[in-house]
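Trainee:
Numbering (this note's numbering), first residue to last: 12 to 153.
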């Protein structure tokens with residue numbers, strides 16, 4: 012299933028589970044209550060691909076939870092879970108190729124112009140910053 016729960020750190024209130032999904036790693040956080048617990052991602056290590064977090068939570072639920080009171084996620088197979096050649100997954104690799112030129116587009120909309128720039132200027136680091144998730148998904152599909 013591609014999910015690995017590697018090790019766990021404990022204290023009185025919270026457990027952290029070091030989790031690996033594909034090339035990403037992050038912590039799942041288990042907060043204990045009186046008769047229940049909450050499982051969520053540690054906000055400081057949140058993976059860039061949210062689909063990986065959803066997958067890890069789903070697998071955790073299958074293997075370790077008998078009764079679920081509520082859940083706030085659903086696994087969606089969308090373009091954000093797939094690797095695409097024009098979207099960097101390894102920033103260190105990108106920095107090695109960088110020649111000191113950076114182009115930043117904030118709010119890239121459909122992303123067509125951003126991808127056009129990336130294809131025609133491989134020597135420039137093209138960064139697109141977008142908060143609208145459907146726009147990010149649309150660019151990943153192009």
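Idealized CB from N, CA, C, for every residue including glycine.
Quantities reported herein were computed from a predicted structural model and do not represent experimental measurements.
#1: Would you identify the three-state DSSP class for residue 26, choosing helix, strand or coil?
#2: Taking residue 114 and residue 134 to be in contact with their CB atoms under 8 Å, please state how far apart those CB atoms are, rounded to whole angstroms.
#3: Excluding the five sequence neighbours on either side, which residues of its own chain have a C-beta within less than 6 Å of the C-beta of residue 28, listed in chain order?
#4: From this set, 144, 142, 150, which residue's C-alpha is nearest residue 121's C-alpha?
#5: For the beta strand (DSSP E) containing residue 55, name the first residue and the last one.
#6: Just to confirm, are residue 32 and residue 44 a CB contact at a threshold of 8 Å?
#7: Distance check for residue 51 and residue 74, CA to CA, integer angstroms please.
#8: Over what stretch of residues does the beta strand (DSSP E) that includes residue 40 continue unbroken?
#9: Please state whether DSSP places residue 125 in a helix, a strand or coil.
#10: Nearest-angstrom Cα distance between residue 153 and residue 123?
#11: Residue range of the beta strand (DSSP E) that residue 114 falls in?
Mentor: So, to answer that:
#1: DSSP, reduced to helix, strand and coil, places residue 26 within a strand of the structure shown.
#2: About 11 Å separates the two Cβ atoms, so there is no contact after all.
#3: Here the set comprises 16, 19, 39.
#4: 150
#5: Here residue 55 belongs to no beta strand (DSSP E), and DSSP marks it neither H nor E.
#6: Against a cut-off of 8 Å, the Cβ pair of residue 44 and residue 32 comes out as no contact.
#7: Looking at the two C-alpha atoms, the distance is approximately 16 Å.
#8: 35 to 43
#9: helix
#10: 8 Å
#11: 113 to 117
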